[in-house]
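Each residue of the sequence shown is one higher than the one before, starting from 1 at the first, in the working numbering. For every residue, glycine included, the Cβ atom is placed at its ideal position computed from N, Cα and C. Below is one structure, written out as structure tokens, with a few remarks after it.
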Amino acid sequence: MGIMLATELNLVGKLIYNYLFKWITTWGSETELLGAFAITVIFFTLFLKIVTLPLDIWQKSVTRSNTKKMAIMQPELEKVQRQCGDNKQLYAQKQRDTYKKYGYKTLAACLPSLVTMVIFFVVFSGFNSSVRYHNSVVFDELQVVYDTTYEETYADEILGGKTPTEAMNVAITSAETAVVGSYKPEKFLYITNIFMPDSWKNPIPDVNTYAGTGMGKLGITDVDRVKYEQVMKPIIQEYNLTDTGKSRWNGYLILPVLTLLLGIASSKLLKPPEQPKMPGQSEDQIKAQEKTNKMMTFIMPLMMGVFSLFYSAAFTLYMFVNSFISTAFALIYNIITKKIDEKEKDKIMSITVKK
1 MGIMLATELN LVGKLIYNYL FKWITTWGSE TELLGAFAIT VIFFTLFLKI VTLPLDIWQK
61 SVTRSNTKKM AIMQPELEKV QRQCGDNKQL YAQKQRDTYK KYGYKTLAAC LPSLVTMVIF
121 FVVFSGFNSS VRYHNSVVFD ELQVVYDTTY EETYADEILG GKTPTEAMNV AITSAETAVV
181 GSYKPEKFLY ITNIFMPDSW KNPIPDVNTY AGTGMGKLGI TDVDRVKYEQ VMKPIIQEYN
241 LTDTGKSRWN GYLILPVLTL LLGIASSKLL KPPEQPKMPG QSEDQIKAQE KTNKMMTFIM
301 PLMMGVFSLF YSAAFTLYMF VNSFISTAFA LIYNIITKKI DEKEKDKIMS ITVKK
């Protein structure tokens, strides 16, 4: 197996770029307000949510079932705790036996977080692959435009009697004009380039961002840096600088903020049921446990917030749409199950009264 180059698409990247994006450009390329790649991101997110919907429903169903079982088990667990005293090993065994007796699934509490984390990084890898590939394709195409225009103009100027220096200057100007005219940024609403972060970053990556490695860099190392600066110079001047020469932001941090807030809301709605306290726990230990659980609620949203600042607005849009759908689904699911639980409770109460 050969080594994958930085500009090659991985499996998820191929699905996003080669299939969805290229299909959408056949009919959605004129949607300048949203942009074809933004539509691609939304379609991909919807597709992924549909594929993972059975797992999501199963997880919520198991969590709901566990919550009910925990309410039933709690008196028995407290009784076992009193019987075992400070013997934690015996209590742990009795606790497992009680879980098995009632069919309580301990794995269900951590499985959703593990699956979510795996999907997050797989999709992140796919979007990074697509972003690198797109930027590489754009540069390659513009390089062809630059070189072709330069060579044709230079030859025409020489035939017209210009000196080599004069012909070169005219050819450079023509090549730069042709490059600016050929470049069409992939916009999304207020964001100039969806393949760059919705932040203070410039819309067009400079050579250090393009060829550099690390957080927020594209990592396309096999590039002629001098050639990149030569070809991209007029576009960088056009899009990265204001009329007064100041640096221009690619976005206004709106998507990262919305993604962070939605992520926190989603984490609270999808919070797993609390586990019973172990015997012998002090108040300080209980508070420390609660503090840890609270901190875990914010880890994923904070991670999403950091990623949205340094990586493409396309991936941030994915995180936002994904969180929005997850939050909406959780709200609808909670409303429906709450009504079902109330009906079951009323039914039990009516049977009890009749007896």
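**Prompt:** So does the segment 15-29 actually touch the segment 76-90, counting three or more Cβ pairs closer than 8 Å?
**Reply:** no
**Asked** Leu-253 and Asp-198: beta carbons closer than 8 Å?
**Response** yes
**Message:** Please report the distance separating the alpha-carbon of Thr-45 from that of Lys-201.
**Reply:** 25 Å
**Item:** Distance, Ile-16 Cα to Tyr-154 Cα
**Value:** 40 Å
**Request:** Measure the alpha-carbon distance for Leu-309 versus Pro-256 and round it to whole angstroms.
**Result:** 7 Å
**Message:** Using 8 Å as the threshold, is the C-beta distance between Leu-260 and Gly-219 below it?
**Reply:** no
**Asked** So Leu-9 and Ser-136 are in contact, right, with Cβ under 8 Å, and what is the actual spacing, rounded?
**Response** The pair is not a contact, with the Cβ atoms about 10 Å apart (cut-off 8 Å).
**Message:** Taking its Cβ as the centre, do 16 or more other Cβ atoms sit within 10 Å of Phe-37, making it buried, or is it exposed?
**Reply:** buried
**Request:** Can you check DSSP and say which residues form a bridge with Phe-188?
**Result:** Ile-191
**Asked** By Cβ distance, which residues of its chain are closer than 7 Å to Pro-301, with the 5 residues on each side in sequence left out?
**Response** Leu-260, Gly-263, Ile-264, Ser-267
**Item:** Continuous alpha helix (DSSP H) stretch holding Arg-82: start and end
**Value:** 36-84
**Request:** Take Phe-168 and list the residues in its own chain whose beta-carbon comes closer than 6 Å to its own, dropping the five residues that flank it on each side.
**Result:** A quick correction: the sequence has Met, not Phe, at residue 168. Same-chain partners within the cutoff: there are none.
**Item:** Lys-338 versus Gly-28, Val-12, Leu-53, Arg-64, residue with shortest Cα-Cα distance
**Value:** Arg-64
**Message:** Is the separation between the beta-carbon of Val-321 and that of Ile-57 shorter than 8 Å?
**Reply:** no
**C-alpha distance - Lys-227 paired with Phe-324, whole-angstrom precision** = 42 Å
**Prompt:** Is it buried or exposed for Leu-317, if we count other Cβ within 10 angstroms and need 16 for buried?
**Reply:** buried
**Identity of the residue in His-134, Gln-83, Ser-174, Ile-335 nearest Lys-14 by Cα** = His-134
**Request:** Look up Leu-9 in the DSSP assignment and say whether it is helix, strand or coil.
**Result:** coil
**Item:** Beta-carbon proximity list for Leu-5, same chain, < 6 Å, skipping 5 on both sides
**Value:** Because Leu-5 carries a pLDDT of 44, less than 50, the predicted location of this residue cannot be relied on, and the following value inherits that uncertainty. So no residue of the chain qualifies.
**Asked** What is the DSSP secondary structure of Ser-312, reduced to helix, strand or coil?
**Response** coil
**Message:** Cutting at 7 Å between CB atoms, please list the residues of its own chain near Ile-336, excluding the five before and the five after it.
**Reply:** none
**Request:** Can you tell me which of the three DSSP states Leu-253 falls into?
**Result:** coil
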